[in-house]
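S.K.: If you read the protein sequences in the order shown, they are chains A and B. No gaps in the numbering here: position 195 of the first sequence is 195 in our numbering, and each next residue is one more. No gaps in the numbering here: position 191 of the second sequence is 191 in our numbering, and each next residue is one more.
There are 2 protein chains.
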Amino acid sequence: MAELITVEDPDDPRLHDYTGLTDVELRRRREPAEGLFIAEGEKVVRRALDSGYRMRSMLLTPKWADVMRDVVEAAEAPVYVVSPAVAEQVTGYHVHRGALASMCRKPLPAAGEVLRTARRVAVMESVNDHTNIGAVFRSAAALGMDAVLLSPDCADPLYRRSVKVSMGAVFAVPYARLDPWFDGLAAVRAAGFTLLALTPGEQATPLDEAAPHRMERVALMLGAEGTGLSAKAMDASDLRVRIPMAHGVDSLNVGAAAAVAFYAVATGRPGS
Amino acid sequence: MAELITVEDPDDPRLHDYTGLTDVELRRRREPAEGLFIAEGEKVVRRALDSGYRMRSMLLTPKWADVMRDVVEAAEAPVYVVSPAVAEQVTGYHVHRGALASMCRKPLPAAGEVLRTARRVAVMESVNDHTNIGAVFRSAAALGMDAVLLSPDCADPLYRRSVKVSMGAVFAVPYARLDPWFDGLAAVRAAGFTLLALTPGEQATPLDEAAPHRMERVALMLGAEGTGLSAKAMDASDLRVRIPMAHGVDSLNVGAAAAVAFYAVATGRPGS
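Spelled out as structure tokens, the structure:
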């Protein structure tokens with residue numbers, strides 16, 4: 001069991017994992033380099049632990065040290081207790097849910113490993129917004145996608161904001177980087193997947209006509225909000241599919257489009 | 001054609017429609033009372049006009065006066081041109097897309113009127129977050145819902161943030177307040193609608209089994225993020241439906257859940 005270590009100096013080097021959390025550019029470089037990520041809020045911290053991530057340390061305000069007593073008792077890493085004011089000085093923001101954990105990253109699996117057992121895979125190209133990455137992971141997990149593949153320029157699913165928006169779903173769905181991009185897409189096809197490119201383009205096949213839930217193995221490709229999939233990614237697909245639009249609306253936001261497509265791919269799957 | 005009127009004094013009373021835009025509480029009271037709403041950004045302003053809303057005035061920075069020359073020329077209301085600095089002093093924030101229009105509200109139709117011709121209706125209970133209201137309207141419009149009904153305590157779809165997040169979809173889908181709540185739900189049923197209550201509850205019928213797209217008239221009821229539908233609203237429904245969840249995830253966010261449910265309700269509708 002971990003003892004609670006009260007820290008009063010915001011410059012205490014033991015709190016280094018938590019410094020400058022509002023500096024996105026800095027954290028994007030630091031966290032992968034230092035092999036850590038930050039889980040924020042009780043629920044997310046618990047889910048990270050349940051998913052087998054190892055804790056480096058925890059930073060709690062007194063209230064949360066009390067609420068999370070069982071986590072503290074089970075912790076094999078140091079647990080620092082700080083006042084809300086010190087938490088704000090260290091992190092750079094007012095930590096509403098006064099529970100942060102610094103967790104160890106695990107090595108990412110290779111794409112081939114992820115594909116071996118999966119039947120429904122989401123493939124994201126150039127989705128570099130942390131909120132969108134998190135939202136897509138939450139829907140992918142909830143709606144039964146087996147895995148997520150990311151182009152090398154997609155944002156980090158373990159960045160604090162992604163983890164939070166996903167409600168911890170980034171821990172539940174296996175994911176890998178698809179590198180090299182675009183050639184990796186051929187490997188997905190070689191693994192037995194039909195590559196569907198989601199686009200609002202009018203010449204694409206309506207999703208319900210494509211009936212992806214009847215396909216044996218499906219890789220559903222999604223692009224970023226606004227730009228969508230690149231022409232090269234579209235060319236590398238087997239079929240372009242669209243969600244039919246009404247009322248003259250030209251598109252859904254990427255989170256809504258992903259949710260609808262995952263539902264169409266996963267629901268009514270053979271044997272369920 | 002409107003002439004451009006250059007204004008240099010942020011306290012000029014002609015700019016009163018645009019003051020204090022960041023004060024949500026103030027604007028929530030003022031806008032309905034004064035019969036106006038604010039459309040922000042070129043695309044949204046154009047959509048409001050295309051949907052038949054009458055303009056009270058427009059506030060543009062010089063760059064946008066140029067880009068929107070055709071709108072300015074067609075305008076029958078005064079068009080004020082201000083520097084970006086004055087725009088910020090008046091509104092309280094840095095107006096990235098330097099185009100704001102103050103538009104006249106129209107009287108809301110009665111629920112009965114909206115229901116007369118509709119076949120697929122979304123019913124929202126206590127959704128009081130402007131971003132969520134906007135997101136749900138965008139998906140409702142895109143996915144072919146015919147109308148939206150709101151409990152009296154739902155947020156205003158014409159609040160600036162709702163309009164923006166909806167990308168103007170709040171102009172495309174007819175909506176009405178369902179008052180009194182909950183008794184209004186009986187009127188929806190009397191109009192021939194099957195009332196489906198969307199819930200994550202495990203005892204509910206999976207959405208694909210319920211096959212709402214085969215129903216003649218469907219009212220899909222949605223609650224707020226977190227709390228969901230009230231027990232009384234659930235009791236007033238004909239059937240509770242759920243989106244099946246995987247990977248131990250307990251829920252989708254309200255925008256994603258709405259999009260999936262609208263797709264399930266609207267796709268494969270008889271005759272299409």
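Backbone N, C-alpha and C fix where the C-beta goes; we use that ideal spot for every residue, glycine too.
Mapping the DSSP letters down to three states, classify A:Pro-13 as helix, strand or coil.
M.R.: Along the first sequence, one-based indexing puts residue 13 of chain A at 13. Looking at A:Pro-13 - three-state DSSP - the assignment turns out to be helix.
S.K.: Alpha carbon to alpha carbon, how far is B:Ala-87 from B:Val-95? Give it in angstroms, no decimals.
M.R.: The count along the second sequence starts at 1 and reaches residue 95 of chain B at position 95. The count along the second sequence starts at 1 and reaches residue 87 of chain B at position 87. Going from the Cα of B:Val-95 to the Cα of B:Ala-87 covers about 7 Å.
S.K.: Counting only beta-carbon separations shorter than 9 Å, does B:Ala-247 have a partner in chain A?
M.R.: Taking the second sequence and counting its residues from 1, one reaches residue 247 of chain B at position 247. The question names Ala, but residue 247 of chain B in the sequence shown is His. Answer yes: the Cβ-Cβ gap between B:His-247 and chain A drops below 9 Å somewhere.
S.K.: In terms of residue numbering, what span does the beta strand (DSSP E) encompassing A:Val-121 cover?
M.R.: Position 121 of the first sequence holds residue 121 of chain A. Unbroken beta strand (DSSP E) run through A:Val-121: 120-124.
S.K.: Restricting to Cα atoms, I'd like to know which of A:Gly-255, A:Tyr-53, A:Ala-259, A:Ala-2 is closest to A:Asp-129.
M.R.: Here residue 129 of chain A corresponds to residue number 129 of the first sequence, with the count starting at 1. If we check each option's Cα against that of A:Asp-129, A:Gly-255 comes out closest.
S.K.: Beta-carbon within less than 6 Å of B:Gly-134's beta-carbon, same chain only, minus the 5 sequence neighbours each way: which residues are those?
M.R.: Against the second sequence, residue 134 of chain B aligns to sequence position 134. Cβ neighbours of B:Gly-134 beyond the five flanking positions: Ser-162, Val-165, Ser-166.
S.K.: Please name the residue in A:Gly-228, A:Leu-207, A:Leu-252, A:Leu-4 whose C-alpha comes closest to that of A:Ala-264.
M.R.: Numbered from its first residue, the first sequence carries residue 264 of chain A at position 264. Minimum Cα distance to A:Ala-264 is reached at A:Leu-207.
S.K.: Say whether chain B places a C-beta atom closer than 9 Å to the C-beta of A:Asn-253.
M.R.: Counting from 1 along the first sequence, the entry for residue 253 of chain A is found at position 253. At least one chain B Cβ lies under 9 Å of A:Asn-253.
S.K.: Answer yes or no: do B:Ala-140 and B:Ala-169 have a C-beta to C-beta separation smaller than 9 Å?
M.R.: Indexing the second sequence from 1 puts residue 140 of chain B at position 140. Indexing the second sequence from 1 puts residue 169 of chain B at position 169. Yes. Within cutoff.
S.K.: Closest to B:Phe-137 by C-alpha separation, out of B:Pro-10, B:Ala-246, B:Thr-227, B:Leu-222, would be which residue?
M.R.: On the second sequence, residue 137 of chain B is found 137 positions in, with the first residue counted as 1. It is B:Leu-222 whose Cα lies nearest to the Cα of B:Phe-137.
S.K.: With DSSP collapsed to three states, give me the class of A:Gly-228.
M.R.: The residue you call residue 228 of chain A lines up with position 228 of the first sequence. A:Gly-228: strand per DSSP, three-state reduction.
S.K.: Straight-line CA distance for A:Ala-224 to A:Val-127?
M.R.: Here residue 224 of chain A refers to the residue found at position 224 when the first sequence is read from its first residue. Here residue 127 of chain A refers to the residue found at position 127 when the first sequence is read from its first residue. Each residue's Cα considered, the two are about 5 Å apart.
S.K.: Near B:Ala-155, what residues of its chain come up, given a Cβ to Cβ distance below 6 Å and the 5 sequence neighbours on each side ignored?
M.R.: In the second sequence, counting from the first residue as 1, residue 155 of chain B sits at position 155. Closer than 6 Å at Cβ, skipping near neighbours: Asn-128, His-130, Ile-133.
S.K.: Tell me, please, which residues DSSP counts as bridged to B:Thr-205.
M.R.: If you number the second sequence from 1, residue 205 of chain B lands on position 205. B:Thr-205 pairs with B:Val-241.
S.K.: Assuming B:Ala-193 is part of the alpha helix (DSSP H), what are its boundary residues?
M.R.: Position 193 of the second sequence, counting from 1, holds the residue named residue 193 of chain B. A quick correction: the sequence has Phe, not Ala, at residue 193 of chain B. Premise fails: B:Phe-193 is in no alpha helix (DSSP H) and is neither H nor E.
S.K.: Could you work out which residues of chain B lie near A:Ser-139, taking near to mean beta carbons separated by less than 7 Å?
M.R.: The residue labelled residue 139 of chain A in the question sits at position 139 within the first sequence. By Cβ distance, chain B contributes Leu-252, Ala-256.
S.K.: Less than 9 Å between the C-beta atoms of A:Met-103 and A:Tyr-80, yes or no?
M.R.: The sequence position of residue 103 of chain A within the first sequence is 103, counting from 1. The sequence position of residue 80 of chain A within the first sequence is 80, counting from 1. Not closer than 9 Å, so no.
S.K.: Can you pull the chain B neighbours of A:Gly-144, defined as C-beta to C-beta under 7 Å?
M.R.: Locating residue 144 of chain A in the first sequence gives position 144, counting from the first residue. Ordered by position in chain B, the residues that pass the 7 Å Cβ test against A:Gly-144 are Ala-246.
S.K.: In whole angstroms, give me the CA-to-CA distance for A:Phe-37 and A:Ala-65.
M.R.: Against the first sequence, residue 37 of chain A aligns to sequence position 37. Against the first sequence, residue 65 of chain A aligns to sequence position 65. In a straight line, the C-alpha of A:Phe-37 is about 20 Å away from that of A:Ala-65.
S.K.: If you scan the region 76-155 of chain B from start to end, which runs of the beta strand (DSSP E) of 3 or more residues do you find wholly inside it?
M.R.: DSSP runs (the beta strand (DSSP E)) wholly in the region 76-155 of chain B: 79-81, 99-104, 120-124, 147-150.
S.K.: Using only alpha-carbon positions, find the residue among A:Ala-2, A:Thr-6, A:Gly-35, A:Glu-8 that is nearest to A:Asp-17.
M.R.: Locating residue 17 of chain A in the first sequence gives position 17, where the first residue counts as 1. Ranking the options by Cα distance to A:Asp-17, first place goes to A:Gly-35.
S.K.: In three-state terms, what does DSSP make of A:Arg-217?
M.R.: Working through the first sequence from its first residue, we reach residue 217 of chain A at position 217. In this structure, A:Arg-217 counts as coil in the three-state DSSP scheme.
S.K.: Counting contacts by CB-CB distance shorter than 9 Å, is B:Leu-207 in contact with chain A?
M.R.: Position 207 of the second sequence holds residue 207 of chain B. For B:Leu-207, the answer is yes, since a Cβ of chain A falls inside 9 Å of its Cβ.
S.K.: Using 10 angstroms around the beta-carbon of B:Ala-211, count the other beta-carbons present and answer buried if the total reaches 16, otherwise exposed.
M.R.: Numbered from 1 along the second sequence, position 211 holds the residue referred to as residue 211 of chain B. Exposed, by the Cβ-count rule.
S.K.: When the Cα of A:Pro-62 is compared with those of A:Pro-84, A:Pro-78, A:Asp-50, which residue comes out closest?
M.R.: Counting from 1 along the first sequence, the entry for residue 62 of chain A is found at position 62. Comparing Cα positions, the closest option is A:Pro-84.
S.K.: How do the region 108-127 of chain B and the region 228-240 of chain A stand: do at least 3 beta-carbon pairs fall below 8 Å, yes or no?
M.R.: Cβ pair count under 8 Å is below three, so no.
S.K.: For B:Ala-261, which residues in the same chain have their Cβ closer than 6 Å to its Cβ, ignoring the five residues on either side in sequence?
M.R.: Indexing the second sequence from 1 puts residue 261 of chain B at position 261. Taken in chain order, the residues that qualify are Leu-198, Leu-220.
S.K.: So A:Leu-196 and A:Val-241 are supposed to be a Cβ contact under 8 Å. How far apart are they, rounded?
M.R.: By one-based count along the first sequence, residue 196 of chain A stands at place 196. By one-based count along the first sequence, residue 241 of chain A stands at place 241. About 5 Å; that satisfies the 8 Å criterion.
S.K.: Measuring CA to CA, which of B:Glu-42, B:Ala-187, B:Ala-77 is closest to B:Ile-5?
M.R.: To locate residue 5 of chain B, count along the second sequence from 1; it is residue 5. Of the candidates B:Glu-42, B:Ala-187, B:Ala-77, the one whose C-alpha sits nearest the C-alpha of B:Ile-5 is B:Ala-77.
S.K.: Would you decide whether A:Leu-60 is buried or exposed? Buried here means 16 or more other CB atoms lie within 10 Å of its CB.
M.R.: Indexing the first sequence from 1 puts residue 60 of chain A at position 60. Buried, because 16 or more other Cβ atoms sit within 10 Å of the Cβ of A:Leu-60.
S.K.: If you measure between the beta carbons of B:Pro-157 and B:Leu-150, is that distance less than 9 Å?
M.R.: Looking up residue 157 of chain B in the second sequence gives position 157. Looking up residue 150 of chain B in the second sequence gives position 150. Cβ distance < 9 Å, so B:Pro-157 and B:Leu-150 count as in contact.
S.K.: Quick one: what does DSSP say A:Glu-73 is sitting in, helix, strand or coil?
M.R.: Taking the first residue of the first sequence as 1, we reach residue 73 of chain A at position 73. Three-state DSSP puts A:Glu-73 in a helix.
S.K.: In chain order, what residues of the same chain lie with their CB nearer than 6 Å to the CB of B:Ala-172, ignoring the 5 residues before and after it?
M.R.: Residue 172 of chain B sits at position 172 when you count from the first residue of the second sequence. Ala-141, listed in sequence order.
S.K.: Rounded to whole angstroms, what's the CA-CA distance from B:Ala-204 to B:Ile-243? Just pull it up for me.
M.R.: By one-based count along the second sequence, residue 204 of chain B stands at place 204. By one-based count along the second sequence, residue 243 of chain B stands at place 243. Answer to the nearest angstrom: the Cα atoms are 9 Å apart.
S.K.: By how many angstroms is the C-alpha of A:Asp-9 removed from the C-alpha of A:Tyr-159?
M.R.: Counted from its first residue, the first sequence places residue 159 of chain A at position 159. Counted from its first residue, the first sequence places residue 9 of chain A at position 9. If I take the Cα positions, the gap works out to 26 Å.
S.K.: So, for B:Ala-236: in the same chain, excluding its five sequence neighbours on each side, which residues have a beta-carbon less than 6 Å away from its beta-carbon?
M.R.: Numbered from 1 along the second sequence, position 236 holds the residue referred to as residue 236 of chain B. Closer than 6 Å at Cβ, skipping near neighbours: Phe-182, Leu-185.
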